[in-house]
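Note that our numbering numbers the sequence shown so that position 88 is 88, with each residue one more than the last.
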Amino acid sequence: MPIVGYYVHDIDPVLLHIWGEFGIRYYGIAYALGFLIAIYLFIQYRKKGFIAITAEQQSSLLFALVLGVLIGGRLGYVLFYDFQDTISNPLSIFAVWKGGMASHGGFIGVIIAGWIITRKIGMPFFKLGDFLATMAAPGLMLGRIANFINGELWGTPSNVSWAVIFPSSAPVGTPVELIQPRHPSQLYEAALEGLFLFIYTQWRIWRTDALKSPGRISGEFLILYAIVRIIGEQFREYDSPPILGMSRGIFYSLFMIILGTIFIIKSGQQPKSEL
1 MPIVGYYVHD
11 IDPVLLHIWG
21 EFGIRYYGIA
31 YALGFLIAIY
41 LFIQYRKKGF
51 IAITAEQQSS
61 LLFALVLGVL
71 IGGRLGYVLF
81 YDFQDTISNP
91 LSIFAVWKGG
101 MASHGGFIGV
111 IIAGWIITRK
121 IGMPFFKLGD
131 FLATMAAPGL
141 MLGRIANFIN
151 GELWGTPSNV
161 SWAVIFPSSA
171 PVGTPVELIQ
181 PRHPSQLYEA
191 ALEGLFLFIY
201 TQWRIWRTDA
211 LKSPGRISGE
221 FLILYAIVRI
231 IGEQFREYDS
241 PPILGMSRGI
251 FYSLFMIILG
261 TIFIIKSGQQ
271 PKSEL
């Protein structure tokens, strides 16, 4: 809905209301679609011969990774962004239908799940990590679009022509004409963390020989994600108290740069593998 030249966010985050706050939410749909795209990509890699595992191993792997994303993402949000509120209301950790997932926590969950499952099926951890890196971006993009639909994690005040008025960014009852328009930072992040990284990682896996150096693509992904996340944070309102003067998104991303650098160094120390 446009007003005084700006779009007023009025999208219902619930696609289908079932009972009370429970229903089919765009946030849940985004996660489901992200997982489906990741599964499709993994199947294509297997058909191409990039990865040699049985159908049973593939099912176990994908199941473990889904759990890693969901559990890691939720626990990451609780620990990194909402710890005090969760302590006061512990049951809120299970209120996943309200949203509240942290991408950094999801990465940690996937790394742990990947390490466990690769030991079980006998696959090199860094080799799996490269495939996971190419599968993550669609989910990140859809998740950020869902953030926009939910009207959460809005950007800093701005007068650019494409700015958006988020009613939830002001106290309840504030007249719309008095609410500051803001950067739709969720969409910036969808483009950077999602679309850009998807194009880059798909180029690396299909058009280069990066897979011959296990750990290279995953290391690049972690570093690039951290960089674009830091860029996106410049347009995003702080949603939690800063750490050392930095937003939490920036602070946690610094560790991803370190981890990604370690991955790349490790990839250079290993012998080239055959596809």
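The beta-carbon is built from N, C-alpha and C at its ideal position, and this holds for glycine as well.
All values derive from a computational prediction rather than experimental measurement.
By the CB criterion at 8 angstroms, residue 228 and residue 193 fall inside the cutoff. Under the three-state reduction of DSSP, residue 256 is assigned to helix. A distance below 6 angstroms between beta-carbons, with the five flanking residues on each side excluded, links residue 108 to the following residues of its chain, in chain order: 72. In the structure shown, the three-state DSSP call for residue 6 is strand. Around the beta carbon of residue 154, a 10 Å sphere encloses 16 or more other beta carbons of the protein chains shown; the residue is thus reported as buried.
A Cβ-Cβ contact shorter than 8 angstroms links residue 35 with residue 139. Between the segment 224 to 242 and the segment 56 to 69, the count of C-beta pairs closer than 8 angstroms stays below three; the two stretches do not touch.
Taking C-beta separations shorter than 7 angstroms and ignoring five residues to either side along the sequence, the partners of residue 169 in its chain run 154, 179, 182, following chain order.
Annotated three-state conformation of residue 13 is coil, per DSSP.
By the Cβ test, the segment 26 to 33 is in contact with the segment 145 to 161, since at least three Cβ pairs between them sit closer than 8 angstroms.
In the DSSP assignment, residue 23 is bridged to 17. Leaving aside the five residues that flank residue 75 on each side, the residues in its chain whose CB is nearer than 6 angstroms to its CB run, in chain order, 105.
Remark: fewer than three beta-carbon pairs, one from each stretch, lie closer than 8 angstroms, so the segment 120 to 138 and the segment 8 to 20 are not flagged as touching. Remark: C-beta atoms of residue 217 and residue 204 approach each other more closely than 8 angstroms. In the structure shown, residue 246 adopts extended strand secondary structure according to DSSP, grouped into three states. Contiguous alpha helix (DSSP H) elements confined to the segment 47 to 77 do not occur, taking only those with 4 or more residues. By a beta-carbon distance limit of 8 angstroms, residue 102 contacts residue 77. Their separation comes to about 4 angstroms.
In this structure, residue 62 sits near residue 39, with a CB-CB distance shorter than 8 angstroms.
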